[in-house]
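K.L.:
Chains as they are written, first to last, in our numbering: chain A, 1 to 10; chain B, 1001 to 1215.
Ideal Cβ positions, reconstructed from N, Cα and C, are used throughout, including at glycine.
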Amino acid sequence: LAPESVKDEL
Amino acid sequence: MNAFRLAGDMTHLISVLVLLLKIHTIKSCAGISLKTQELYALVFATRYLDIFTDFISLYNTVMKLIFLGSSFSIVWYMRRHKLVQRSYDKDHDTFRHQLLVLPCLILALLIHEQFTFKEVMWTFSIYLEAVAILPQLVLLQRTRNIDNLTGQYVFFLGAYRSLYILNWIYRYFTEPHYVHWITWISGLVQTLLYADFFYYYISSWKNNVKLTLPA
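1. Restricting to Cα atoms, I'd like to know which of B:M1063, B:D1091 and B:L1157 is closest to F1198 (chain B).
2. Out of B:I1023, B:S1125 and B:T1212, which has the shortest C-alpha to C-alpha gap to R1144 (chain B)?
3. Is DSSP giving L1001 (chain B) helix, strand or coil here?
4. If you compare alpha carbons, which of B:H1112, B:R1080 and B:I1133 is closest to F1124 (chain B)?
5. For the stretch 1101–1120 of chain B, enumerate the residues whose C-beta is nearer than 9 Å to any C-beta of chain A, in chain order.
6. So is N1002 (chain B) in contact with chain A if we call contact Cβ pairs under 8 Å?
7. In angstroms with no decimal places, state the Cα-to-Cα distance between I1126 (chain B) and S1204 (chain B).
8. Quick check for students: name the residue ranges of the alpha helix (DSSP H) that lie wholly in the stretch 1010–1077 of chain B, counting only runs of 4 or more.
9. To the nearest angstrom, how far is it from the Cα of V6 (chain A) to the Cα of L1109 (chain B)?
10. Starting from the Cα of L1042 (chain B), find the closest Cα among B:K1210, B:I1133, B:I1202 and B:N1207 and give me that residue.
11. Could one say the Cβ of M1010 (chain B) lies closer than 8 Å to chain A's Cβ atoms, at least one of them?
12. Taking only beta carbons into account, state which residues of the stretch 1138–1162 of chain B come closer than 9 Å to chain A, listed in chain order.
13. Identify the contact partners of W1122 (chain B) in chain A, using a Cβ-Cβ distance below 8 Å as the criterion.
14. Is W1122 (chain B) closer than 8 Å to T1046 (chain B) when the C-beta atoms are compared?
15. Would you verify that the beta carbon of I1074 (chain B) is, or is not, closer than 8 Å to some beta carbon of chain A?
16. I'd like the span of the alpha helix (DSSP H) that includes Y1200 (chain B), first residue to last.
17. Quick one: measure Cβ to Cβ for R1142 (chain B) and H1092 (chain B), integer angstroms, because I've assumed they're closer than 8 Å.
18. Cβ atoms of G1031 (chain B) and T1150 (chain B): under 8 Å apart, would you say?
19. How is V1084 (chain B) classed by DSSP in three states: helix, strand or coil?
20. Thinking C-beta only, is Q1037 (chain B) closer than 8 Å to V1075 (chain B)?
21. Report back the beta-carbon spacing between I1165 (chain B) and L1128 (chain B) to the nearest angstrom; my notes put them in contact at under 8 Å.
Here it is in structure tokens:
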């Protein structure tokens, strides 16, 4: 799972 | 990825394609604010700094490239392309967008989730996107006849963020610890700025009359 700080939204 | 977010991204993509279609095929940017286009190019440039460092998914990367490519090519068309330039209404597109950039930058330096360059730039892009439409809305108020493509462009651009709000609500209830006040408040402000445009756009569509905004 991507760590919290990584932004998965555009 | 939930249906609201996918619908939001597709709506955003449609708005960009409608604008590119208008500019590329009929070589016209009548009614389009160059200031808003420049602000959007800045929004994407500061938001997608992680495009080469963090790989989320092919979809994510492809969409980022599309948004970056389209926003910069639209600015290029409006600044450099002789034919397109002729239809640019520079006398009315006079919103001082510096008044938007600086406060957003200062706010991003004050309110952010982490004090790192990438995070502050990302937060700046969130704040800037919330107000980036203002020069375009001001220009629409000043230009009497709003052509269909311009109206559709602004409508889809506003609709995409309202779909994102549904996405945030959905994720809040389905994902533990999914809380992003900065994005949520900015997204809400952004959508509220379109409220009166939506009202006039939908009522013009319902009464089947030309879209005109009150002076």
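P.N.:
According to the structure data:
1. B:L1157
2. B:T1212
3. With the sequence shown as reference, residue 1001 (chain B) is identified as Met, and Leu is not the correct amino acid for it. It is coil, neither helix nor strand.
4. B:H1112
5. E1113, Q1114, T1116, K1118 and E1119
6. no
7. 31 Å
8. 1034–1047
9. 19 Å
10. B:I1133
11. no
12. none
13. K7
14. yes
15. no
16. A1195 to K1206
17. 4 Å
18. yes
19. helix
20. yes
21. About 18 Å separates the two Cβ atoms, so there is no contact after all.
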